[in-house]
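> Mind having a look at this structure? Questions to follow.
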């Protein structure tokens with residue numbers, strides 16, 4: 001992953017300047033530096049209209065996020081008002097987060113790449129399907145139209161439309177590095193009702 005050396009350098013410079021100066025730290029809070037760090041640099045999330053390589057948050061790599069956290073800690077050190085602002089922002093943010101259950105990965109080991117895109121895992125011989133799905137996903141108007149359709153099927157899990165919507169939503173919003181398209185392959189059937197055979201090369 002690319003390291004954002006520019007923003008890391010700025011964070012380290014500001015941290016050095018304000019260290020040992022409560023007055024400067026309070027001034028930084030008044031200029032909304034705390035809010036900028038917490039929200040835009042660390043905890044802002046991508047949206048349907050703002051995603052991809054330039055989507056929030058500004059700090060996407062481990063190194064840049066560490067630098068932002070270090071600056072936050074320094075700004076709150078020996079300045080109770082700044083600490084109170086940070087705690088309030090943290091509590092507000094926690095209320096909007098749904099707990100994650102049934103982890104299928106160890107968090108942090110398979111994160112989304114720094115360019116902001118999520119991949120599709122090859123199930124054996126599904127390169128042709130993965131490349132087509134990614135090309136369709138990268139067409140904003142097509143993707144938005146697919147996601148906006150209400151699936152009327154009685155069994156969504158067996159619906160190709162529902163599984164395509166799920167796949168697109170995952171590619172757009174997930175923090176993991178890749179998605180396993182097994183549900184879509186199982187729902188997409190031939191005239192005899194057989195699902196896609198992921199072992200057969202179809203290029």
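Residue numbers (the UniProt record's numbering): 1 to 203.
No residue lacks a Cβ here, since even glycine has one placed at the ideal position from N, Cα and C.
1) Pull up the DSSP beta-bridge partners for residue 120, would you.
2) Just tell me which of 152, 188, 64 and 183 has its CA closest to the CA of residue 7.
3) Inspect the CB distances between the region 161 to 171 and the region 82 to 96 and report whether three or more fall short of 8 Å.
4) Using the DSSP secondary-structure output, state which residues sit across from residue 95 in a beta bridge.
5) Name, in chain order, the residues that DSSP records as bridge partners for residue 189.
6) Straight-line CA distance for residue 39 to residue 114?
7) Could you check which residue in 174, 41, 173 and 29 has the C-alpha nearest to that of residue 83?
8) Which whole-angstrom value describes the C-beta separation of residue 71 and residue 15, a residue pair presumed to lie in contact below a C-beta threshold of 8 Å?
9) Which residues in the same chain have their Cβ closer than 6 Å to the Cβ of residue 76, if we skip the five residues on either side of it in sequence?
10) Taking the Cβ atom as the reference point for each residue, do residue 12 and residue 55 lie within a distance shorter than 9 Å?
11) Could you check if residue 17 is buried or exposed, using at least 16 other CB atoms within 10 Å of its CB as the buried criterion?
12) Can you tell me whether residue 171 is buried or exposed, with buried defined as 16 or more other CB within 10 angstroms of its CB?
13) What residues in its chain sit with their C-beta under 7 Å from that of residue 119, if we drop five residues either side in the sequence?
14) Ignore the nearest five residues each way along the sequence and tell me which others in residue 151's own chain have a CB closer than 8 Å to its CB.
15) I believe residue 280 touches residue 198 by the beta-carbon criterion, under 8 Å. Please report the beta-carbon distance rounded to the nearest angstrom.
16) Using the Cα positions of residue 200 and residue 191, report the straight-line distance between them to the nearest angstrom.
17) Measuring CA to CA, which of 169, 138, 134 and 135 is closest to residue 149?
Looking at the coordinates:
1) 179
2) Looking only at 152, 188, 64 and 183, the smallest Cα-Cα distance to residue 7 is reached by 64.
3) no
4) DSSP, once it has assigned bridges, lists no residue as partnering residue 95.
5) 195
6) Cα-Cα distance, rounded: 18 Å.
7) Nearest C-alpha to residue 83: 29.
8) 5 Å
9) 82, 83 and 86
10) no
11) exposed
12) The residue in question, residue 171, is buried, as its Cβ has 16 or more Cβ neighbours within 10 Å.
13) 177 and 178
14) 159, 161, 162 and 165
15) Residue 280 lies beyond the residue range present for the chain, which begins at 1 and ends at 203; the question has no answer from this structure.
16) Cα-Cα distance, rounded: 17 Å.
17) Check the Cα spacing between residue 149 and each of 169, 138, 134 and 135: the tightest is with 169.
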